[in-house]
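Protein sequence lines, in the order shown, are assigned to chains B and Z.
Quick note: the first sequence uses the working numbering, first residue 1, plus one each step.
Quick note: the second sequence uses the working numbering, first residue 1001, plus one each step.
As structure tokens, the structure follows; a few thoughts come after it.
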Amino acid sequence: MKVAVNGIELFFDVEGAKARPDGPWMRDRPTVILLPTGPGIDHSLYKEHVGPVLAEVAQVIYLDLRGAGRSDWSSAEHWTIETWVDDVIAFCDVLEIRRPALLGTGIGGVIAVQLAAQRPDLVERLVLVSTVARYVHSRSVAEFDRIGGSEAGEVAARYYADPTELNFAEFMRICVPLYTRSPLPPDTIARIELNLALTAHWDATDARDFDVREPAGRVQCPVLVLAGEDDPSTTIAGIGELVEALPAQLLRYERYPEAGHGVFRDRPEAIRVVSEFLAAAETA
Amino acid sequence: MRIQVGDVRLFFDVEGTKLVAEGPWMRERQTVVLLHPGPGFDHGLFKVQLGPWLSAGTQVVYTDLRGGGRSDRSTPGERTLERWADDVKELCDAIGVDRPAVLGLGFGSVVALEYAARHPEHPAALILAAPVARILPERSVAVYERLGGPDARAVAERFYDGMDEQAFADFLRVCFPLLSSYALTSDVIARADWNPEVLMEWMRGEAKHLDLRDRLAAIRAPALVLAGEDDAWAPLESVREVFDLLPGHKRFRSYARGRHSVFRDAPEAYEDMRLFLDDIQARELDA
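Written out as structure tokens, the structure reads:
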């Protein structure tokens, strides 16, 4: 499905009904919007395991952000956290999605934090998967070095310092396969509708200076943070920094040893933790 | 979810994804839009069995037609077949549903007919359960009598004649239960977000002179027509009339002992729908 938002069309897909018969009632279930890791990656990674499991307890909305997948790609000057946040707010507004939970991985999580800080009235719960408050490249270089050896560390350092096309290609070849412990199956990669121009643009611009530590402090809803301890992209140190910034009384923090970026691929049992967290919204 | 369509906001709900992961592809599935009986009723009864069943192989979109359920009530002048039919098209356009299969039951199938006649290129297919081109009281009254005896006939006659509140209350008590072969449990009734005044307004107004017979020639979409042989709302000869006038690819299935609750009464209707939808998916892929 597609809906017109902020002058563009956003693609979304849905799994599980909102209202379900329950004795004499139609009972509304929670809504969770899945924000893709990215930028430049579509929603397809969530379709395999995460969405179907969460749909048992919630209405799951998959969304391709502006610039990726089947949504309008728009143009480079709009590929910013600010625009993506505005798009998600407008998306909820147009479709009357009231108080959804937002689940974001990587930059999806950064968008979720920024949105929750900006519009506390809109967000019921946050699930932040492999999300850092800011990129500190030296931390990632050290982790690539630890997990993949010195070549990986050097390639990462070269790319972060100088994101040319050549260095990007090398980073994709040497470093990206180290994001998760269990490799992404070729079919899964083939299914992604990728906008590499956006990925490269992002790495050369906003990625270098975004920082959501201050907005994280303004979050007013319950937050679940999931972290892989072997994640060279969003490092455990970086995730710890975000955790420090979030309000402690609203926070649940789960760390997974031997799990990489995205956590769910390496540790599928983490999906059930999210289900329970979302279902708790109904009884809370 | 609700979205702006013309002058109203319409509720819709979704079951089943459009895109499913399949090897190296994201495969697109057919979307089926379900139009509930009514008017003034809501989509809820489809959630028990039909929607979940369809969602195994297709993406299902439920909606509440204007005047019922969680959609805006709108105003009497805007609660017309033409408006309901355009709402279906505009809802699909607003949420990016291209080439839907549209399934209607009873009043919903009448809306589907008008929609398909007004927008012939829009639907990929129609599943018309208990459709009629005209509301002919004498045909319905005869079925009520066959199922419920002379009492039911008398109550049905008063209902179609006068449509005052007492006649409507008696109709709900005596005739309404005859529309389904199973006892409509209090749960089903309690769950419905129902506006009987919208039904009454339509029955007293547009329904009296409804005649879609000439309109059906405009329809282009392939159609599966389903009839319950004991359906007092859509008597068999009325459904047959619709089928005979449909110009394109079409299939007719009627079910012994099927009432207006045809999906519930005739489990074999599911197999007929599956075969039809498989053909539609193949056609859409070829197109």
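Positions of the beta carbon are idealized from the N, C-alpha and C atoms, including for glycine.
- Taking C-beta atoms under 8 Å as the contact rule, residue 229/B and residue 256/B qualify, at a distance of about 6 Å.
- Within the segment 23-49 of chain B, 23, 24, 25, 26, 31, 42, 43, 44, 47, 48 place their CB atoms closer than 9 Å to a CB of chain Z, listed in sequence order.
- Contact between residue 39/B and residue 76/B is absent: CB atoms are separated by about 11 Å, not below the 8 Å threshold.
- Between the alpha carbons of residue 1103/Z and residue 1250/Z lies a distance of about 14 Å.
- For residue 265/B and residue 51/B, the gap between their C-alpha atoms comes out near 13 Å.
- If you keep only unbroken beta strand (DSSP E) runs of at least 3 residues inside the segment 58-131 of chain B, you get 59-63, 101-105, 125-129.
- Three or more Cβ pairs drawn from the segment 1047-1065 of chain Z and the segment 1266-1280 of chain Z lie within less than 8 Å of each other, which places the two stretches in contact.
- Annotation: residue 280/B to residue 267/B spans about 21 Å, alpha carbon to alpha carbon.
- Contacts with chain Z (Cβ-Cβ distance below 9 Å) from the segment 65-80 of chain B involve 70, listed in chain order.
- Of the other Cβ atoms in all chains shown, fewer than 16 fall within 10 Å of the Cβ of residue 25/B; this residue is therefore exposed.
- Contact between residue 1187/Z and residue 1042/Z is ruled out by a C-beta separation of about 14 Å, above the 8 Å threshold.
- Of 199/B, 65/B, 54/B, 132/B, the smallest CA-CA separation from residue 227/B is found for 132/B.
- Straight across, the Cα-Cα distance linking residue 1254/Z with residue 1228/Z is about 6 Å.
- The segment 1137-1155 of chain Z makes no contact with the segment 1114-1121 of chain Z; the number of CB pairs closer than 8 Å stays below 3.
- 1094, 1095, 1096, 1097: these are the residues of the segment 1088-1115 of chain Z whose beta carbon lies less than 8 Å from some beta carbon of chain B, given in chain order.
- Any Cβ of chain Z closer than 7 Å to the Cβ of residue 124/B would place that residue at the interface, and such an atom is absent.
- Rounded to the nearest whole angstrom, the C-alpha separation of residue 1202/Z and residue 1079/Z is 8 Å.
- Nearest C-alpha to residue 1278/Z among 1248/Z, 1222/Z, 1237/Z: 1222/Z.
- In the DSSP secondary-structure assignment, residue 1004/Z is bridged to 1009/Z.
- The straight-line gap separating the alpha-carbon atoms of residue 214/B and residue 1015/Z is approximately 38 Å.
- Using a CB distance below 8 Å, the part of the segment 1001-1021 of chain Z facing chain B consists of 1001, 1002, 1003, 1004, 1009, 1013, 1014, 1015, 1016, 1017, 1018, 1019, 1020, 1021, ordered along the chain.
- Rounded to the nearest angstrom, the gap between the Cα atoms of residue 246/B and residue 273/B is 19 Å.
- DSSP places residue 1015/Z within a strand segment (E or B) once states are collapsed to three.
- For residue 174/B, the enclosing alpha helix (DSSP H) begins and ends at 165-174.
- In this structure the segment 157-169 of chain B lies against the segment 193-208 of chain B, because at least three pairs of beta carbons, one per stretch, are closer than 8 Å.
- Contact annotation: residue 143/B and residue 232/B have beta-carbon atoms nearer than 7 Å.
- Annotated three-state conformation of residue 1278/Z is helix, per DSSP.
- In the DSSP secondary-structure assignment, residue 2/B is bridged to 11/B.
- Residues of the segment 1030-1055 of chain Z that bring their beta carbon within less than 7 Å of a beta carbon in chain B comprise 1044, 1047, 1048, in sequence order.
- Runs of the beta strand (DSSP E) lying entirely within the segment 1193-1276 of chain Z, each at least 3 residues long, are 1223-1228, 1250-1255 in chain order.
- With respect to chain B, the C-beta atom of residue 1023/Z has a partner C-beta closer than 7 Å.
- Counted as a single uninterrupted DSSP element, the stretch harbouring residue 1049/Z is not any alpha helix (DSSP H), since DSSP gives it neither H nor E.
- Within the DSSP bridge table, the entry for residue 1129/Z names 1105/Z, 1226/Z as partners.
- The Cβ neighbour count for residue 64/B, taken over all protein chains shown within 10 Å, is at least 16; the residue is labelled buried.
- Here the C-alpha atom of residue 16/B lies approximately 29 Å from the C-alpha atom of residue 1121/Z.
- For residue 1141/Z, the uninterrupted alpha helix (DSSP H) segment begins and ends at 1137-1162.
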